[in-house]
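Encoded as C-alpha cells, the structure appears first; notes follow it.
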Amino acid sequence: MTDTAFDALLARLEKAPDNLTLRLAILRRARSAGLASRALELVLELDPDAVADADDRELVACTFEEAGLDDDAAIWRGAEDEATAAEPSAPTTSVPPVRPVAKPQKALRVVGGTDGPDPFGDAVVEEEAPLTFEDVGGLDDVKRDIERRIIAPFRHAGLLSRFKKRAGGGVLLYGPPGCGKTMIARAMAGEAGFNFLSVGISDILDYHVGSSEQHLSAVFDKARNNTPAVLFFDEIDALGSKRTSDTAVHQNQLVSHFLAQMDGVDNRNDGVLLLAATNIPWSMDGAFLRPGRFDRLFFVPPPDRKAREAILALELDVRPAKPDLAIDQVAARTSGLSGADLAQIIERAADLAIDATLEQGREVPIDNDMLAEATRTVRSSVLDWLSTARNHATYSNESGRYDDILDFLKKHGRT
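Here the sequence shown is numbered in the numbering used here, starting from 34 and rising by one per residue.
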C-alpha cells in the first residue's frame with residue numbers, strides 16, 4: 034500500500050475519529066504493509082475499555098510490543114482479564130457473548146486443475162492480497178447493505194447461535210458487465226477477513242463424464258476445510274442454467290450435483306458463504322434461488338455520479354497526472370458508463386500521455402485535454418443489458434425479484 038493510499042484512509046478517519054471499525058481496519062493494512070510508525074499512531078489514541086474483541090486487543094498489543102512499549106502491550110493483554118474478573122457471573126439464560134469469527138486475513142485463489150482425486154489440492158492454491166471496500170470505488174449503497182445483512186451477522190457467531198442460525202448461506206450479485214461484481218465479492222471477503230476461494234468456470238467444466246461433478250465437490254471441500262470462507266463463482270449461469278428436457282443430460286446432472294453441494298450434508302457448509310455473480314440471473318435454474326440457497330440477491334448497478342468520480346480517481350491515482358484534473362466534469366458527462374468503461378477512458382488518456390511523452394522526450398502527465406478526448410471515444414457497454422433487463426423486470430417479475438432493476442431504471446429515466 035502506497036503512502037498516498039494510506040494518507041487517503043487517514044483522511045477518512047479524521048472525519049470519523051470515533052469509528053473504531055475503520056481505525057482497526059486501517060491498522061491491519063498498515064501492519065501488513067510494514068508501516069510500523071503509522072500503525073503506532075493509530076493505537077496511541079485507543080482506549081482499552083473501548084475494544085472488547087480479544088483478537089483486536091491482541092492486534093493492538095502486538096503493535097505496542099513491536100514498538101518497544103512492553104508496558105502498554107501488557108495493559109492491553111491484561112485489561113480484559115481484569116475487567117472479566119470484576120464482572121459478576123452471567124446467568125445461564127443470558128445471550129452468549131458476541132464474538133467475531135476468526136479473521137485469517139488470507140485470500141485463496143483456486144487456479145488450474147490437476148488429475149487425481151483432488152484437482153484443487155494445496156499445490157494449486159496461491160495467496161493474493163485481500164481487498165476491502167476501500168478499494169472499491171462508489172457502490173456505497175451496495176456496500177452498506179452487504180455490511181449490514183451479510184458481514185456483520187457472519188462475524189457474530191454467538192448471536193447467530195442464540196437465534197439458531199448458521200453462519201453461511203448464499204448471495205448472488207447480479208447486474209450489467211463491468212460494474213464491479215467480482216471486485217465487490219473479493220472486497221466482501223477481505224472486509225471481514227474471511228478466506229476467499231475464487232473458482233473459474235473453466236476449472237469445473239470437463240468433457241469427461243463425471244469429472245465436472247468431481248471438480249465441484251473438491252472445491253466445496255476446500256472451502257469447508259478453510260472456514261470461515263467465501264466460495265465465489267463468477268459467471269454462475271454457466272454452471273447453473275435452467276434444466277429442460279432439451280438440455281444435455283450431463284448439464285442437468287451438474288446442476289443437480291451443484292444443488293446437492295449447496296445444501297450440504299449434516300450442515301457441513303456451516304461457515305461457508307457461497308457467493309456468485311452473473312449478468313443474466315433470469316437464465317439460472319429456479320432451484321438455485323429458493324430459500325436456503327442463493328436467496329439473497331444484490332443488484333450491482335452502473336455507477337452513479339459520485340461513484341464514477343471515485344472510480345476515475347482510483348484509476349488516476351497510480352498514473353502520472355496533473356493535480357488539477359476536472360474529474361468531476363468527466364463524471365458528469367459519463368452517465369450510463371460502467372466501471373470498466375471508465376477504466377477504459379483512463380487507459381486511452383494514458384495512451385495519449387505516452388504518445389506525448391515519446392514525442393517530446395520527457396514525461397508528460399495526463400491532463401484535462403487528454404481526458405476530454407478519451408471520454409469522447411468511449412461508449413457505454415451496458416445499454417443493451419439494461420434494455421434486456423427492463424423486459425425481464427417488467428414482464429417476468431411476478432416474485433418481485435427484479436424490483437431493484439425497475440427502481441434503477443425509473444430513477445435514471447430509462448423506463
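Just so it is clear, CB atoms sit at the ideal spot from N, CA and C, and this is done for glycine as well.
What residues in its chain sit with their C-beta under 8 angstroms from that of residue i, if we drop five residues either side in the sequence?
| i | result |
| --- | --- |
| residue 470 | Beyond the ends of the chain as shown, which are 34 and 448, falls residue 470; an answer cannot be given. |
| residue 358 | 349, 399, 400, 401, 404 |
Buried or exposed for residue i, please, with buried defined as at least 16 other CB atoms from any protein chain shown within 10 angstroms of its CB.
| i | result |
| --- | --- |
| residue 207 | buried |
| residue 444 | exposed |
| residue 72 | buried |
| residue 240 | exposed |
| residue 77 | exposed |
| residue 245 | buried |
| residue 3 | Given a span of 34 to 448 for the chain in the structure shown, any question on residue 3 remains unanswerable. |
| residue 48 | exposed |
| residue 318 | buried |
| residue 251 | buried |
| residue 62 | buried |
Whole-angstrom Cβ separation of residue i and residue j, contact assumed at under 8 angstroms?
| i | j | result |
| --- | --- | --- |
| residue 213 | residue 282 | Contact flag wrong, Cβ pair sits at about 36 angstroms. |
| residue 30 | residue 364 | The question about residue 30 has no answer here: the residues shown for the chain are numbered 34 through 448. |
| residue 379 | residue 349 | 6 angstroms |
| residue 175 | residue 308 | That pair is no contact at about 13 angstroms. |
| residue 171 | residue 337 | 7 angstroms |
| residue 69 | residue 94 | Incorrect: roughly 15 angstroms between the Cβ atoms, too far for contact. |
Quick check: the Cα distance between residue i and residue j, rounded to an integer number of angstroms?
| i | j | result |
| --- | --- | --- |
| residue 439 | residue 87 | 45 angstroms |
| residue 50 | residue 56 | 8 angstroms |
| residue 15 | residue 367 | Residue 15 lies beyond the stretch modelled for the chain, which goes from 34 to 448, so this question has no answer here. |
| residue 418 | residue 264 | 26 angstroms |
| residue 404 | residue 370 | 15 angstroms |
| residue 247 | residue 293 | 13 angstroms |
| residue 130 | residue 90 | Any reading at residue 130 must be qualified, since the residue scores a pLDDT of 33, below 50, and its modelled position is unreliable; no value is offered. |
| residue 432 | residue 211 | 27 angstroms |
| residue 326 | residue 409 | 43 angstroms |
| residue 296 | residue 402 | 55 angstroms |
| residue 151 | residue 259 | Caution applies to residue 151, whose pLDDT of 46 falls short of 50 and renders its modelled position unreliable; the value that the coordinates give is listed next. Near 15 angstroms, if we compare the C-alpha coordinates of residue 259 and residue 151. |
| residue 301 | residue 329 | 20 angstroms |
| residue 416 | residue 266 | 25 angstroms |
| residue 209 | residue 312 | 5 angstroms |
| residue 92 | residue 407 | 46 angstroms |
| residue 107 | residue 225 | 27 angstroms |
| residue 220 | residue 166 | 5 angstroms |
| residue 82 | residue 109 | 9 angstroms |
| residue 147 | residue 381 | The predicted position of residue 147 is uncertain, since its pLDDT is 40 and thus under 50; no value can be drawn from it. |
| residue 340 | residue 65 | 27 angstroms |
| residue 285 | residue 164 | 35 angstroms |
| residue 421 | residue 314 | 12 angstroms |
Excluding the 5 residues preceding and the 5 following residue i in the sequence, name in chain order all residues of the same chain whose CB lies nearer than 6 angstroms to its CB.
| i | result |
| --- | --- |
| residue 377 | 411 |
| residue 355 | 398, 400 |
| residue 222 | 229, 263 |
| residue 268 | 234 |
| residue 253 | 294 |
| residue 441 | 334 |
Residues in the same chain with beta-carbon distance under 7 angstroms from residue i, minus the five sequence neighbours each way, listed in chain order, please.
| i | result |
| --- | --- |
| residue 291 | 249, 272, 273 |
| residue 484 | Since the first residue shown for the chain is 34 and the last is 448, residue 484 is missing from the structure and cannot be characterised. |
- Query: Looking at C-beta atoms only, is the number of pairs between the segment 172 to 181 and the segment 229 to 236 that lie closer than 8 angstroms three or more?
  - Reply: No, the segment 172 to 181 does not touch the segment 229 to 236.
- Query: Are at least three pairs of beta-carbons, each pair with one atom in the segment 382 to 392 and one in the segment 420 to 429, less than 8 angstroms apart?
  - Reply: Flag = no, the segment 382 to 392 and the segment 420 to 429 do not touch.
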